[in-house]
Amino acid sequence: MHRSYVFLLAMLAFSFAAAAQSGTGFGFEFRPAAAVVHGADTLRNAWTGGLNTPQFSTLDLNDDGQDDLFAFDRETSRAYTFLSVAAPGTAAGRRWAYAPQYESLFPADLQGWALLRDYDCDSRPDLFTYFNNGEIRVFRNVLANGRPSFQLTTNQIRFFGGFTGTANLTLGGYNMPAIQDVNGDGKLDIMSYDFVSASFIELYLNTSPGTCGNALTFTLKTDNWGGIQTCHDCASYKFNGQPCFTARPLHTGGHSLLLVDLDGDGDQDLLDGRDNCPELVSLLNQGTALAPVLTQASVSASFPSAATPVRVPVFPSGYYFDANFDSRPDLVVAPNMFTNLEDQVSLRNNVQLFENTAASGAPALAYRAAGFLANEVIDVSEGAAPTFGDLDGDGLPDMLIGNHADRVGGVYRANLTQYRNVGTRARPVFSFVTADYLGLAAQRLLGLKPVLVDLNRDGALDLAYSAWNGSTNSLYYILNTAAGGQPVAFSTATAVAFKPQGAAGTGVLPHALGDVPSFADVDNDGYVDLLIGTNETREAGMSLRYFRNRGRGPLDSAFVLVDNDFGRIRTASGSRPANLSPTVADFDGDGLPDLLTVDAAGVLRFFPNYRAQSILFSERTDLLHNPLTGQYEPTRLGQSANARYALAAADLNGDGAPELLVGTQAGGLLSYGTRNRTITPTRGEAARTLALTIYPNPATASVTVETAAPTRLTVLDLTGRVVQTGAQAQRRHLLNLSGLTPGVYLVRATGTNGSAAVQRLLVR
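The sequence shown begins at 1 in my numbering and counts up by one.
Below, the structure is given as structure tokens:
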């Protein structure tokens, strides 16, 4: 019997995995959840997930002859893909459309920098990227099934020259090279600052035989291109041993380079971005490509003009491509730092666009205040954390987004951004209201993670939030003093911190920066419990901790520790997940709540019917359906150790299935819908004997619930949140629905013998 049971479990697991791999089972698919409006503008790529430090390149993703867009975010190590699509009625006739189905075509382990450049002259850009402490890895772009595929060519470019004859070409950890044809022979060369001091520019010429350069053999032409050396201040250089020339004092680090013929004289000029500096400095070459002449007069820290110079928060990097579809290359500039931990700058709408208005010859670069792409996405700077609920009493779910922080008015602090749903139940439209809901920015918090939840079971949404106050992280709540179905009434003056439970080591609420709370009825007793993702190490425990709501006593001390390693969740290597975020909802449609988590590895993990699972939860990670391949794939949100994500589930379009919203480190939101859900209204023989009946269904003001034996009722929304309970066990219940937002709910009837039945109720 035991062997048969094990064999059955193995077969079920195999069938489940096979269905997932083929794309026929349950999973998620990227879908824009709603239109998003800022003033008179509708964000065209609202649910892209934000852009912090993007590096841009172009290639044809869908083999339609149009250049599409690839972006690699240095801070989060995440790839983005955008298609060039027709846009009738617009000035250009085309626009960029976020197309995440192409992201999995790129290697999953990209880090540092990634640039697309065609080295083998087949008109398909190949991939050059950082590797192993500053070496260069190259992937050849090979067309497969009408789309790119990247095959590893080398993990290590070597060059001839210098003291050792032949050596590895190493750029260091923070320099990003220019990979372009410098001398006009049709072969890609490499120019970068040296990896030791980042003070001298090195030029490596491609000496591959033939006219193309696809052998990727290089010779060090010079280790001091132009005879210049950087000084310790921004826009500061030595010229052939001269004293430093300083345009702006500020300490500097690594560099990013771009070569463009800025003055139309036929040779390449230099655009130099430096760490800890906001300027993109131009250095005009007054000589030739191989015999450059640079002087102090050729340096400009006000490029491209004194009226509108490049200014990004820190470490600008330039990218030269046709951004506005007019067949002329434009200049796009974005920050290029690894993290914002020390700089603490605003990363909101930080990608600048300088359009090339010249018909030919030297570019004429005109600043466009709207920027590029970052102005088309939801963006709260960094560490977005969404939550949803009806704030204004109109029956539609509204949106709040917390963040890690944003710098505004010289102050680096967290804030709550509010969007009101001005659409309909079936077609939500989120309209921006304020970037400082409840005025929490004045408290100078960090890591603000909000949750709208009914904590005191009065039928009205309350607000809970985790935040760092400068010395410790606390979990707060503000009770809603308005009745259910009315506009919420929150006052920060009434905010209360949940109290620690017991002495250290016996159940203290975690208090690490970035703790992510989620509320769900874990033990099925009608009270919301607390699941909290944490990096806490001061008290024994792992990344996910379960605190049960005792259902009695003061609310601020109602939650007590049950399990400080809930689900025994580990990374693929068996280590503790960093920056874990949980959420609970009935995603797969079986009437039972599922647990979903994400952590710094950027991979979603799905734990179906987690209540029924044993101590070590069973998971699935190949969740994201790719319509391009027809397969389920792991999510690839980035893999930075500092990346923080936050999950939320809500039925935004009234179709009875919860959407999954992922707040990203880049300050934006990704939106996923479910697919192939299995609707199971009741479960088991005991449930069928209760003969649960609900009428009318759909209902508006009230509904009658009948069972064959006395039962207690609990009404839950699709995220598993209890919205109504019945105090007494009886066979016939009359439920008042006036305080419920229109949508789909689960009515659970529990008999005195423990049998239970669940059915769906549509409230209109």
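Glycine is no exception: its CB is placed at the ideal position from the N, C-alpha and C atoms.
Whole-angstrom distance between residue 273 and residue 200, CA atom to CA atom:
14 Å
Using beta-carbon positions only, say whether residue 359 and residue 299 come within less than 9 Å of one another.
no
What are the residues that DSSP puts in a beta bridge with residue 499?
DSSP, once it has assigned bridges, lists no residue as partnering residue 499.
Would you kindly work out how many angstroms separate the C-alpha atoms of residue 769 and residue 59, rounded to a whole number?
With the chain represented from 1 up to 764, any question about residue 769 goes unanswered, as that position is not in the structure.
Nonlocal neighbours in the same chain, by C-beta distance under 6 Å from residue 156, ignoring five residues either side:
135, 168
Would you call the CB atoms of residue 325 and residue 93 closer than 9 Å?
yes
In DSSP terms, what residue 546 is bridged to
531, 563
Residue 488 versus 452, 165, 510, residue with shortest Cα-Cα distance:
452
Within the chosen definition, does the region 345 to 355 reach the region 618 to 638 through at least 3 CB pairs nearer than 8 Å?
no
Report all residues from its chain with a CB closer than 6 Å to the CB of residue 466; omit the five preceding and five following residues, and keep chain order.
449, 475, 515, 517
Relative to the alpha-carbon of residue 461, which residue among 479, 368, 446 has its alpha-carbon at the smallest distance?
479
Rounded C-beta distance between residue 563 and residue 549? I'm assuming under 8 Å.
Going by Cβ atoms, the distance from residue 563 to residue 549 rounds to 14 Å, so no, they are not a contact pair.
Rank 348, 440, 319, 70 by C-alpha distance to the C-alpha of residue 51 and give the top, closest one.
348
Buried or exposed (CB count within 10 angstroms, at least 16 for buried), residue 249
In this prediction, residue 249 has a pLDDT of 40, which is less than 50 and means its spatial position is unreliable; what the coordinates show is noted afterwards. So residue 249 counts as exposed.
Would you mind giving the Cβ-Cβ distance between residue 317 and residue 333, rounded to the nearest angstrom? I have them listed as a contact below 8 Å.
7 Å
Taking C-alpha atoms, which residue in 121, 176, 95 lies nearest to residue 131?
176
Which residues does DSSP list as the beta-bridge partners of residue 300?
282
For residue 450, report the span of its beta strand (DSSP E) as first-last.
446 to 453
Which residue from 370, 62, 122 puts its Cα closest to that of residue 103?
62
Rounded straight-line distance, which links the Cα of residue 173 to that of residue 314:
17 Å
Run through DSSP, which three-state label would residue 104 get?
helix
Using DSSP with H/G/I as helix, E/B as strand and the rest coil, what is residue 225?
helix
Which runs of the beta strand (DSSP E), 3 residues or longer, sit entirely within the region 584 to 657?
594 to 598, 605 to 607, 622 to 626, 631 to 634, 646 to 650
If the criterion is Cβ atoms closer than 9 Å, does the pair residue 561 and residue 582 meet it?
no
By Cβ distance, which residues of its chain are closer than 7 Å to residue 496, with the 5 residues on each side in sequence left out?
476, 477, 556
Closest to residue 87 by C-alpha separation, out of 81, 97, 80, would be which residue?
97
What beta strand (DSSP E) runs, 3 residues minimum, are completely inside the region 336 to 390?
352 to 356, 365 to 368, 385 to 389
In whole angstroms, what is the alpha-carbon distance linking residue 417 and residue 485?
22 Å
Check residue 443 in the structure and name its three-state DSSP category.
helix
Residue 695: buried (16+ other C-beta within 10 angstroms of its C-beta) or exposed?
exposed
Where in the region 689 to 714 do unbroken runs of the beta strand (DSSP E), each at least 3 residues long, occur, reported from the N-terminal end onward?
693 to 695
Helix, strand or coil for residue 193, going by three-state DSSP, please let me know.
strand
Measure the alpha-carbon distance for residue 389 versus residue 740 and round it to whole angstroms.
11 Å
Cut-off 6 Å between Cβ atoms - residues of its own chain near residue 576, not counting five sequence neighbours on either side:
542, 543
When the distance is taken between beta carbons, is residue 640 closer than 9 Å to residue 164?
no
Residue 58: first and last residue of the uninterrupted beta strand (DSSP E) it sits in
54 to 59
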